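Engineer:
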Amino acid sequence: MLRSNGINLEVSQQGAGAPALVFLHYWGGSSRTWRHVIHALTPDFRTVAIDQRGWGRSDAPASGYALADLADDAQGVVEALDLERYILVGHSMGGKVAQLMASRRLRGLVGLALVAPSPPSPLGLPLDVREAMVGAYGSRDSIIATVEQVLAPNGLAATDLEVVIEDSLAGAAVAKRAWPLCASQEDITTAVVQIDVPVIAISGENDRVDPPEVLRRELLTRIPQARLHVLPDIGHLSPLEAPDDIADLVRAFALATIDAGASVSPVGKDVIRLRCPGCGTVLAAAARYQSSHPPHD
0 MLRSNGINLE VSQQGAGAPA LVFLHYWGGS SRTWRHVIHA LTPDFRTVAI DQRGWGRSDA
60 PASGYALADL ADDAQGVVEA LDLERYILVG HSMGGKVAQL MASRRLRGLV GLALVAPSPP
120 SPLGLPLDVR EAMVGAYGSR DSIIATVEQV LAPNGLAATD LEVVIEDSLA GAAVAKRAWP
180 LCASQEDITT AVVQIDVPVI AISGENDRVD PPEVLRRELL TRIPQARLHV LPDIGHLSPL
240 EAPDDIADLV RAFALATIDA GASVSPVGKD VIRLRCPGCG TVLAAAARYQ SSHPPHD
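Numbering that gives the first Met the number 0 applies: residue 0 is where the sequence shown begins, and numbers increase by one.
1. Excluding the five sequence neighbours on either side, which residues of its own chain have a C-beta within less than 8 Å of the C-beta of Leu122, listed in chain order?
2. When the distance is taken between beta carbons, is Tyr25 closer than 8 Å to Ser91?
3. Near Arg104, what residues of its chain come up, given a Cβ to Cβ distance below 7 Å and the 5 sequence neighbours on each side ignored?
4. For Ser264, which residues of its own chain have a beta-carbon under 6 Å away from its beta-carbon, when the five flanking residues on both sides are left out?
5. Should Gly134 and Val114 be called a contact, given that it needs their Cβ atoms to be closer than 8 Å?
6. Could you tell me the alpha carbon to alpha carbon distance between Gly53 and Glu212, rounded to whole angstroms?
7. Short check: CB of Val21 to CB of Val77, under 8 Å?
8. State the Cα-Cα distance for the pair Gly267 and Leu227, rounded to the nearest angstrom.
9. Use the C-beta contact count for Gly5: other C-beta atoms within 10 angstroms, 16 or more gives buried, fewer gives exposed.
10. My guess is that Val96 and Ala73 are in contact by the Cβ rule of under 8 Å, so how many angstroms apart are they, rounded?
11. State yes or no: is the C-beta of Thr41 within less than 8 Å of the C-beta of Gly14?
12. Where are the beta strand (DSSP E) runs, 3 residues long or more, that stay fully inside the stretch 33–104, in chain order?
13. Do you know offhand how far Leu1's Cα is from Phe252's?
14. Since Leu126 contacts Gly107 with CB under 8 Å, what's their CB separation in whole angstroms?
15. Quick one: residues in its chain with C-beta nearer than 8 Å to the C-beta of Ile164, no 5 flanking neighbours on either side, listed in chain order?
16. For Asp339, count the other beta carbons within 10 Å of its own beta carbon; 16 or more makes it buried, fewer makes it exposed. Which is it?
17. As a quick exercise: from Glu9, Gly27 and Asn7, pick the residue whose alpha carbon is nearest that of Val146.
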């Protein structure tokens, strides 16, 4: 537990190295949503995964679930850990929180990785649909139905589905209501133009929550330096559906932010390798990432 912004937050840390990777989860998840991605990245990076307020093992205050509150929580963690160089990695709701944080141009922030992010504009769903979302995590059956019909239509591994069910059921009632009814409707489009670090956005081809076409229209037009990478046959829960792909993309993106050395050279259509400038050793090979991709690819 770490004290931040007046509450206790569960913070899981693993690995070592810079830049550190700070993970923010989706509405309904917890830091455990990232466990496969983190497992793949900890040999190379320090990882910091936060249970956002109302989720996982973090405190669930009776109020304070606006985007600014969630951003202040995560910013407090970064400051408490005194991270000198870090990248924010946000999924869905966590992606919108990460955008607001990045718009503040925080000291030490060197990159922004957005995974199936909620765009900076209000969620384009009518009120009755958003009210129905509140009950989506109310029971085991409703959670399974939400996963199968919306979040991951191609299915999840049985152990991952159980984690999703546990996390969704454990969420505080106030947190379950706050995102669909309030925070998802916040408009931060004027704020995100202040983002001045490299940005990668990763979308699933079959994402039914924040599909690629929505990100192209609502996110890429407002963060022009963002590069979009679409994962074939993947839905909204890409950290669980395609953790190795997410890890490869985040790894390559993170290594590309290291100014003191690593050179980037294309080795084929959709693949890059990063080599140590001293000995030439390949540091990483990442599929579907290439620094020369146009912003709206």
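Glycine included, each C-beta is placed from N, C-alpha and C at the ideal position.
This one's a predicted model, so the numbers in the text were calculated from it and none came from an experiment.
Structural biologist: Walking through what the data contain:
1. Arg129, Pro179, Ser183 and Gln184
2. yes
3. These residues qualify, in order along the chain: Gln193 and Asp195.
4. At Ser264 the pLDDT is 31, less than 50, meaning the model places this residue with poor confidence; the figure from the coordinates comes in the next sentence. Non-local beta-carbon contacts of Ser264 in its own chain, meaning distances under 6 Å to residues more than five positions away in sequence, are absent.
5. no
6. So the alpha carbons of these two residues sit roughly 31 Å apart.
7. yes
8. A caution first: Gly267 carries a pLDDT of 29, below 50, which makes its placement in the model unreliable, though a value can still be read off. Approximately 18 Å, taken between the alpha carbons.
9. exposed
10. The pair is a contact, with the Cβ atoms about 7 Å apart (cut-off 8 Å).
11. A contact, by the Cβ cut-off of 8 Å.
12. 46–49 and 85–90
13. Note on geometry: alpha-carbon atoms of Leu1 and Phe252 lie some 28 Å from one another.
14. That pair is no contact at about 39 Å.
15. Arg139, Ile142 and Ile143
16. Any answer about residue 339 is impossible in this case: the structure gives the chain only from 0 up to 296.
17. Relative to Val146, the option among Glu9, Gly27 and Asn7 whose CA is nearest is Gly27.
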